[in-house]
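Report on the following structure.
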Amino acid sequence: MNYRHIFHAGNPADVMKHAVLALILDHLRAKPAPFCVLDTHAGIGRYDLASDAARKTGESDDGIARLFSRQPPHPALAPYLDAVSAANPDGTLRWYPGSPRIARSALRPQDRLVLVELHPEDARSLKAEFAGDPAVAVHQSDAYTALKAHLPPKEKRGLVLIDPPFEQPDEFARMADGLALAHRRWASGIFALWYPIKERAAVWRFQDAVEKTGIPKILIAELTWHPEDTHLRLNGSGLLIVNPPWRLDETLRDMLPALHAALPNTGGGPTVSWLAPEA
Numbered sequence: 013m014n015y016r017h018i019f020h021a022g023n024p025a026d027v028m029k030h031a032v033l034a035l036i037l038d039h040l041r042a043k044p045a046p047f048c049v050l051d052t053h054a055g056i057g058r059y060d061l062a063s064d065a066a067r068k069t070g071e072s073d074d075g076i077a078r079l080f081s082r083q084p085p086h087p088a089l090a091p092y093l094d095a096v097s098a099a100n101p102d103g104t105l106r107w108y109p110g111s112p113r114i115a116r117s118a119l120r121p122q123d124r125l126v127l128v129e130l131h132p133e134d135a136r137s138l139k140a141e142f143a144g145d146p147a148v149a150v151h152q153s154d155a156y157t158a159l160k161a162h163l164p165p166k167e168k169r170g171l172v173l174i175d176p177p178f179e180q181p182d183e184f185a186r187m188a189d190g191l192a193l194a195h196r197r198w199a200s201g202i203f204a205l206w207y208p209i210k211e212r213a214a215v216w217r218f219q220d221a222v223e224k225t226g227i228p229k230i231l232i233a234e235l236t237w238h239p240e241d242t243h244l245r246l247n248g249s250g251l252l253i254v255n256p257p258w259r260l261d262e263t264l265r266d267m268l269p270a271l272h273a274a275l276p277n278t279g280g281g282p283t284v285s286w287l288a289p290e291a
C-alpha cells in the first residue's frame, strides 16, 4: 500500500500500456451499443509531472515527453496522444492522464466507467477528481474483490483493465486467478492485464498459468528497451489481452516498432504473439 505511481507516471511502460488501452477503447466506440470499463487499480486519475515527486525520478522524460506535441511516429498512437493533449489544453506537458482519464475521454453519453482503488488516500483523490461526474463510479476496494462485485456489467460490452503496482510477491498468481474468476463471470468481455518485464522467468510462469486456465483468444504484446540479458530493474512492459479487438494484433505489430524507435533504448524491441488461439 506504499506504492505511488506519481514517481513513474508517463514513463515508457505507461506509454506502451496506455497507447494499447486507447486503441481498445477506440474499437469499443466504433459500435453504438453502450460499453463499460472496469479499472481495478485506478490510482488517482491524473498526475502532475511538474510535482517534486515526478521530477525526483524524471521518468516521463524518456516516455511521454518524447512524443508530446510532435508528429506521432505511427497513426495508431493518435488516440493515446489525443487523450494526453486533452489533459494539457494549453499545449504544455504538465498533466499525465492515468488510465481513468484516458478511459473517461473515450466515453460517450451511453457508456460507463467503474474505478476501483484500494489505497485510502488515492481513493479519496480519485473521488475528488471525478466528483459530480455521473458516468464515473469510484469504489475503495480490493481489485480482485471488485471483479466479483462488478462483473458481468449490465452493458454486456466493455473492458476490464487489471494493472497492479506489483508490490506483492504473489501478484502474478493473483492476476492469473483473478482472470480465471472474471472470465467465468463474463466470458465475452475484453480483459487487459498489464505486467512489468523484470525477471523473464516470472513472466513465463504467469503466461503458463493463464494458458492452463483454458481461456481462448489471448494475445500477448510486449515492449522492451534493453537486451534481455541486462537484468535491469525494469526492462519493459507487457499486456496480456483476452478477446482482443479484431486485427489489434496486426496494428500492434506495425505500431510497436515505431514506438520502440521513438523512445530511448539500448536494444530490446516489440513482441506480439498469440498465447491461446480462438476456440
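Heads up, the sequence shown is in my numbering, so the first residue is 13 and it goes up one at a time. For glycine and all other residues, C-beta sits at the position ideal for the given N, C-alpha and C. Since this is a predicted model, take the numbers as computed values, not measurements.
- Residue Asp123 holds the alpha-carbon nearest to the alpha-carbon of Lys43 among Gly55, Pro84, Asp123 and Pro24.
- With a beta-carbon spacing of about 6 Å, Leu130 and Asp154 fall inside the 8 Å limit used to define contacts.
- In the three-state reduction of the DSSP assignment, Trp286 falls in the strand class, which pools E and B.
- Within the model, the alpha-carbon separation for Gly70 versus Phe19 is close to 8 Å.
- Under the three-state reduction of DSSP, Glu167 is assigned to coil, being neither helix nor strand.
- Considering only Leu125, Ala288 and Lys29, the residue with the shortest C-alpha distance to Lys224 is Ala288.
- Taken through DSSP and simplified to helix, strand or coil, Phe203 comes out as strand.
- Comparing alpha-carbon positions, the option among Gly248, Leu205, Asn247 and Leu246 lying closest to His53 turns out to be Leu205.
- DSSP places Asp134 inside the alpha helix (DSSP H), whose first and last residues are Pro132 to Glu141.
- Around the beta carbon of Gln180, fewer than 16 other beta carbons lie within 10 angstroms, which makes this residue exposed.
- Secondary structure note for Gly190: its alpha helix (DSSP H) is the uninterrupted segment Glu183 to Arg197.
- Inter-residue distance for Thr263 and Leu275 is about 18 Å (C-alpha atoms, whole angstroms).
- Look at Thr236 here: in three-state DSSP terms it is strand.
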